[in-house]
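Same order as they appear, the protein sequences are chains A and B. Under this note's numbering, the first residue of the first sequence is numbered 3, with each subsequent residue one higher. Under this note's numbering, the first residue of the second sequence is numbered 3, with each subsequent residue one higher. All C-beta atoms, glycine included, are put in the ideal place defined by N, C-alpha and C.
Number of protein chains: 2
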Amino acid sequence: MEYAISLADHLKKYIRLSDNTINELTNLTTRTVLKGEFLLRAGETSRYSYYVEKGLLSYYSIDEKGKYHIIQFAAEEWFMADRCSLFFQQPSPYFIEAIEDTVVTVIPLDFFSKLSESEPAFVEMNTKALHHHILHLQKRIHQLLSASAEERYKDFLEMYSSIAARIPQTLLAAYLGIAPESLSRVRKEIAQKRS
Amino acid sequence: MEYAISLADHLKKYIRLSDNTINELTNLTTRTVLKGEFLLRAGETSRYSYYVEKGLLSYYSIDEKGKYHIIQFAAEEWFMADRCSLFFQQPSPYFIEAIEDTVVTVIPLDFFSKLSESEPAFVEMNTKALHHHILHLQKRIHQLLSASAEERYKDFLEMYSSIAARIPQTLLAAYLGIAPESLSRVRKEIAQKRS
DNA sequence: CGTCGAATTGATGTCATTCAACTACAGTGG
DNA sequence: CCACTGTAGTTGAATGACATCAATTCGACG
Numbered sequence: 003m004e005y006a007i008s009l010a011d012h013l014k015k016y017i018r019l020s021d022n023t024i025n026e027l028t029n030l031t032t033r034t035v036l037k038g039e040f041l042l043r044a045g046e047t048s049r050y051s052y053y054v055e056k057g058l059l060s061y062y063s064i065d066e067k068g069k070y071h072i073i074q075f076a077a078e079e080w081f082m083a084d085r086c087s088l089f090f091q092q093p094s095p096y097f098i099e100a101i102e103d104t105v106v107t108v109i110p111l112d113f114f115s116k117l118s119e120s121e122p123a124f125v126e127m128n129t130k131a132l133h134h135h136i137l138h139l140q141k142r143i144h145q146l147l148s149a150s151a152e153e154r155y156k157d158f159l160e161m162y163s164s165i166a167a168r169i170p171q172t173l174l175a176a177y178l179g180i181a182p183e184s185l186s187r188v189r190k191e192i193a194q195k196r197s
Numbered sequence: 003m004e005y006a007i008s009l010a011d012h013l014k015k016y017i018r019l020s021d022n023t024i025n026e027l028t029n030l031t032t033r034t035v036l037k038g039e040f041l042l043r044a045g046e047t048s049r050y051s052y053y054v055e056k057g058l059l060s061y062y063s064i065d066e067k068g069k070y071h072i073i074q075f076a077a078e079e080w081f082m083a084d085r086c087s088l089f090f091q092q093p094s095p096y097f098i099e100a101i102e103d104t105v106v107t108v109i110p111l112d113f114f115s116k117l118s119e120s121e122p123a124f125v126e127m128n129t130k131a132l133h134h135h136i137l138h139l140q141k142r143i144h145q146l147l148s149a150s151a152e153e154r155y156k157d158f159l160e161m162y163s164s165i166a167a168r169i170p171q172t173l174l175a176a177y178l179g180i181a182p183e184s185l186s187r188v189r190k191e192i193a194q195k196r197s
């Protein structure tokens, strides 16, 4: 935990915060979720979003055949939530599970909207975040439509180089949309090419 | 054009509009794009979003191998835009092309934000739209990760039954992420099962 | 009636999956 | 400290799904 960046410190990078706001942010509770524990299960209606201080989370769905499909990961300084379940207050089809022991700041549903009244910059920040989210999801769709197993893996390494090593291959495969065995083979081939 | 629903009429379904707002909406220019013409090309920075009065648009990218990948369609009463290019004012990687001769209402970049000053409901409406967009993109990712060619096709028929028949199979294949020939075979199999 | 592009069909190839066996390694208990 | 167990990752062989290429048919339109 030595190097954890608090939510307030993180937000300061993007917008100026009043002392009162910093205070409110600092008063938010944190929660520790051990590896394998859940912050959200399919069927539940989400009431919080989370800021990752330390650790690694996965956000995934399970299909009719029982297979896992990871939509995204979140490590230090990322936010994690089912924005849609939260916003529409409807049951989520997704799970949020800790891949490592993780410490999150718990952000209640209406926390940011209340804060927006005194700090209008939060509205803009949220809109920006929503657009970034869309940008990212569209890129992902393009990638799933166009790229082979090897290309997807390489893209992932580039994009998430900082956390790639921390993600078990089984889970990475579930993110890339390939079988774990295939990922193993792809890695082998790449390793051989380098030699 | 006999049954076209104007942008003002469409919005009335969701929020109450002042006379002044209705006036502003009615004064927006409309534009006709013939089949095969573009509203946006990759590399351009988008300055408008569009409301489809009549017709059918596609939103797609082209990969390094020259293949088309359709991200979404938009028919009557749908909005179409590269929200991200618009919001961040950065070049778009996507094309918006008319599949049929289409009539759109042209909505300038800051039109809604200006309108928001007098009609706060627009802010909420936009946020809601952004969340719906995310919901939809996540569903699509889940589908691409989990479903076979046949399942994707069936899902599409269910979800877009109203416009499915208007979409050429080559383009539908580019949406589903399969080869046109494969789509043809999938359709054949389904037809045989029914008999 | 002829032409052009879209859709179909068949033959073949490729990439990734599946299933099963095996290996590597971390954690647990004797 | 070492044997035992469980989990993740690897490897091989067989299979399957979809892609590709080429030939043909269909259908709209001049």
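Counting every other CB atom within 10 Å of its CB across the protein chains shown gives R168(B) a total below 16, marking it as exposed. In this structure, the beta-carbon distance from L19(A) to A10(A) falls below 8 Å.
Put simply, the backbone Cα of E99(B) is about 6 Å away from that of L59(B). Residue contact with chain A for K69(B): present (Cβ-Cβ distance below 8 Å to some residue of chain A).
A44(B) sits close to P95(B), with the two beta carbons spaced by under 8 Å. With at least 16 other beta carbons inside 10 angstroms of its own, L132(A) counts as buried. With 16 or more other Cβ atoms inside 10 Å of its own Cβ, R154(B) counts as buried. Along the segment 30-105 of chain B, the alpha helix (DSSP H) occurs as fully enclosed runs of 4 or more residues at 85-90, listed in sequence order.
Excluding residues up to 5 positions away in sequence, T34, V35, L36, K37 and G57 lie with their Cβ nearer than 8 Å to the Cβ of D103(A) in the same chain. L185(B) has a beta carbon lying at 8 Å or more from every beta carbon in chain A.
Against chain B, a Cβ distance below 9 Å from I73(A) picks out Q140, I143, H144 and L147. Scanning its chain for C-beta atoms nearer than 8 Å, with the 5 sequence neighbours on each side dropped, one finds around E39(B) the residues E99 and A100, in chain order. If you draw a straight line from the Cα of F158(B) to the Cα of A166(B), it comes to about 8 Å.
For G179(A), the closest Cβ of chain B is nearer than 8 Å. Between the alpha carbons of L42(B) and V106(B) lies a gap of roughly 13 Å.
With fewer than 16 neighbouring CB atoms inside 10 Å of its own CB, H134(A) falls in the exposed class.
One finds nothing in chain B with a Cβ atom closer than 8 Å to the Cβ of R43(A); even the nearest lies about 16 Å away. Beta-bridge analysis with DSSP links V125(B) to no other residue.
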